[in-house]
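Per our numbering, the sequence shown starts with residue 1, numbered consecutively.
Ideal Cβ placement from N, Cα and C applies to all residues, glycine included.
Note that the coordinates shown come from a computational prediction; the quantities given were computed from them, not determined experimentally.
Structure first, commentary second.
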Amino acid sequence: MKGDILARLRRGEVLVCDGAMGTMLQSMGYRPGEPPELWGLENEEALRSIHRGYIEAGADVILTNTFGGNGIKLGRSGLGERVEEINRELARIAVDEANRSGRAVYVAGDVGPTGEFMEPLGELSEERAIEVFAQQIEALVEGGVDLILIETMMDPKEAAAAVKAARSVCRLPVFASMSYNVAPDGFRTMMGTSPREAVEVLLDAGADGVGANCGDVLASMMPDLIREMRGAGAELIVVEPNAGKPQLVEGKTVFPQTPEEMARSVPAMIEAGANIIGGCCGTTPQHIRLIAQAVREAMGGERG
Ligand SMILES: [Zn+2]
């Protein structure tokens, strides 16, 4: 009943993705330090209410709470034996909430970085990275996700390893999104990679879509970055900007951009070629609600 998400995007529909998970978990009582994946499993009702909040706000795509769910990260918390179970169950929870919504809501299996550097800078070989990501993605697929979203990647080689892993274990659509900052010579990942280089590597690895999330490229600057990715051959693009640049207020990290401010950039992002628009750090259901509204208005009210 949902229809093929790639076909919908290729027909020109613009879909809305959800917002931040970490800050929402914290508002529900999660304390940084323990793995958010385990907390979500042990506090299932809280996690479900976050998914519901984004679905009710108008998200067409929600992400599983599995950003740090790879075997390297979970292994550091002594959860290496539970990688499959954790990813599969967290996927099932998101899929169940999507199904209950009565709307066409897609669940993206969220895959984040391992936190290790790839060879030759670090010790993570491509082979090992593919193995680690394949284990996580296979479990997400078992849990019933509709697509794979690899995100907040700094190193295109690591992102490419995740894309190849996804390709090796499933036939689902695969999106790979890098985190860019604004450098003196243009947009760059922390590793110094340009959008053009990253897009080429990701498309080569077999990604259906590419994108940008987190980092310090604000919603208002995203149109320029989207045009660069398009120029490098990207057909489908997902963007999830943060709610502004983090500020330290009384010892707490605050993302200052209001839902209204972020939503104002939506028409320009669509104009530049964004296919899926959501939010990263600091965004809330209210941000997503106004982004969804702005998408509907920009598309001439054709979205229900
Ligand atoms: Zn972020």
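Q. Which two residues bound the contiguous beta strand (DSSP E) that contains residue 186?
A. Mapped onto the sequence shown, residue 186 falls at position 186. Its beta strand (DSSP E) spans residues 186-188.
Q) Within the structure, which residues are defined as neighbours of ligand 1 by a Cβ-heavy atom distance below 5 Å, reported in chain order? A) 214, 280 and 281
Q: Kindly list the residues whose CB is nearer than 7 Å to the CB of residue 195, restricted to its own chain and excluding five residues on each side of it in sequence; keep chain order.
A: Residue numbering aside, residue 195 sits at position 195 when the sequence shown is read from its first letter. So the qualifying residues of the chain are 180, 187, 225, 228, 229 and 232.
Q.
Tell me which residues share the same chain as residue 153 and place their Cβ nearer than 6 Å to its Cβ, disregarding the 5 neighbours each side in the sequence.
A. Numbered from 1 along the sequence shown, position 153 holds the residue referred to as residue 153. Cβ neighbours of residue 153 beyond the five flanking positions: 113, 159 and 178.
Q | Among 89, 168 and 190, nearest to residue 207 - alpha-carbon criterion | A | Here residue 207 corresponds to residue number 207 of the sequence shown, with the count starting at 1. Closest option to residue 207, Cα to Cα, is 168.
Q. Which residues does DSSP pair with residue 277 in a beta bridge?
A. Within the sequence shown, numbered from 1, the residue matching residue 277 stands at position 277. BP columns for residue 277 point to 16 and 239.
**Q.** Start-to-end residues for the alpha helix (DSSP H) that takes in residue 163
**A.** As a first step, residue 163 is located in the sequence shown; it is residue number 163 there, counting from the start. Run containing residue 163: 156-169, per the alpha helix (DSSP H) assignment.
Q) Which of helix, strand or coil does DSSP assign to residue 64? A) Within the sequence shown, the letter at position 64 stands for residue 64. Three-state DSSP puts residue 64 in coil, outside helix and strand.
Q. If we count the other Cβ atoms within 10 Å of its Cβ and call it buried at 16 or more, is residue 138 buried or exposed?
A. As a position in the sequence shown, residue 138 is number 138, starting the count at 1. With 16 or more other Cβ atoms within 10 Å, it is buried.
**Q.** Among 215, 134 and 45, the one whose alpha carbon lies nearest that of residue 71
**A.** The count along the sequence shown starts at 1 and reaches residue 71 at position 71. When each option's Cα is compared against that of residue 71, the closest is 134.
Q: Tell me whether the beta-carbon of residue 285 lies closer than 9 Å to the beta-carbon of residue 57.
A: Position 285 of the sequence shown, counting from 1, holds the residue named residue 285. Position 57 of the sequence shown, counting from 1, holds the residue named residue 57. Cβ distance < 9 Å, so residue 285 and residue 57 count as in contact.
Q.
If contact is defined by three or more beta carbon pairs under 8 Å, each pair taking one atom from either stretch, is the stretch 275-290 in contact with the stretch 12-23?
A. yes
Q: Give the DSSP-derived three-state secondary structure of residue 96 in the structure shown.
A: Taking the sequence shown and counting its residues from 1, the one referred to as residue 96 is at position 96. Looking at residue 96 - three-state DSSP - the assignment turns out to be helix.
Q.
For residue 8 and residue 104, I'd like the C-alpha separation in whole angstroms.
A. Within the sequence shown, the letter at position 8 stands for residue 8. Within the sequence shown, the letter at position 104 stands for residue 104. One C-alpha to the other measures close to 12 Å.
Q. Quick one: what's got a C-beta closer than 6 Å to residue 303's C-beta in the same chain, skipping five residues either side?
A. Counting from 1 along the sequence shown, the entry for residue 303 is found at position 303. Residue confidence is low: residue 303 scores 48 on pLDDT, short of 50, so the model does not pin down where it sits. Its coordinate-derived value is still stated next. Here the set comprises 296.
Q: Using only alpha-carbon positions, find the residue among 61, 136 and 18 that is nearest to residue 85.
A: Indexing the sequence shown from 1 puts residue 85 at position 85. Residue 85 has its Cα closest to that of 136, out of 61, 136 and 18.
Q. Closest by CA to residue 69, which one among 249, 147 and 140?
A. Working through the sequence shown from its first residue, we reach residue 69 at position 69. Among 249, 147 and 140, the Cα nearest to that of residue 69 is on 140.
Q) Roughly how many angstroms separate the alpha carbons of residue 293 and residue 264, rounded to a whole number? A) Position 293 of the sequence shown, counted from the first residue, corresponds to residue 293. Position 264 of the sequence shown, counted from the first residue, corresponds to residue 264. One C-alpha to the other measures close to 11 Å.
Q) What does DSSP give as the partner residues of residue 252 in its beta bridges? A) If you number the sequence shown from 1, residue 252 lands on position 252. Residue 252 pairs with 249.
**Q.** Top-ranked residue by Cα proximity to residue 155, from 197, 175 and 183
**A.** Walking along the sequence shown from the start, residue 155 turns up at place 155. When each option's Cα is compared against that of residue 155, the closest is 197.
Q. Touching or not, the stretch 29-36 and the stretch 251-263, by the rule of three or more beta carbon pairs under 8 Å?
A. no
Q: Give the C-beta separation of residue 173 and residue 63 to the nearest angstrom, bearing in mind that I take them to be a contact with Cβ-Cβ under 8 Å.
A: Sequence index remark: in the sequence shown, residue 173 carries index 173 (1-based). Sequence index remark: in the sequence shown, residue 63 carries index 63 (1-based). 14 Å between Cβ atoms; not a contact.
Q: Return the Cβ separation of residue 19 and residue 287 in integer angstroms, given the expectation that the two are a contact with Cβ distance under 8 Å.
A: Within the sequence shown, numbered from 1, the residue matching residue 19 stands at position 19. Within the sequence shown, numbered from 1, the residue matching residue 287 stands at position 287. With 8 Å as the limit, residue 19 and residue 287 qualify as a contact, their Cβ atoms being about 5 Å apart.
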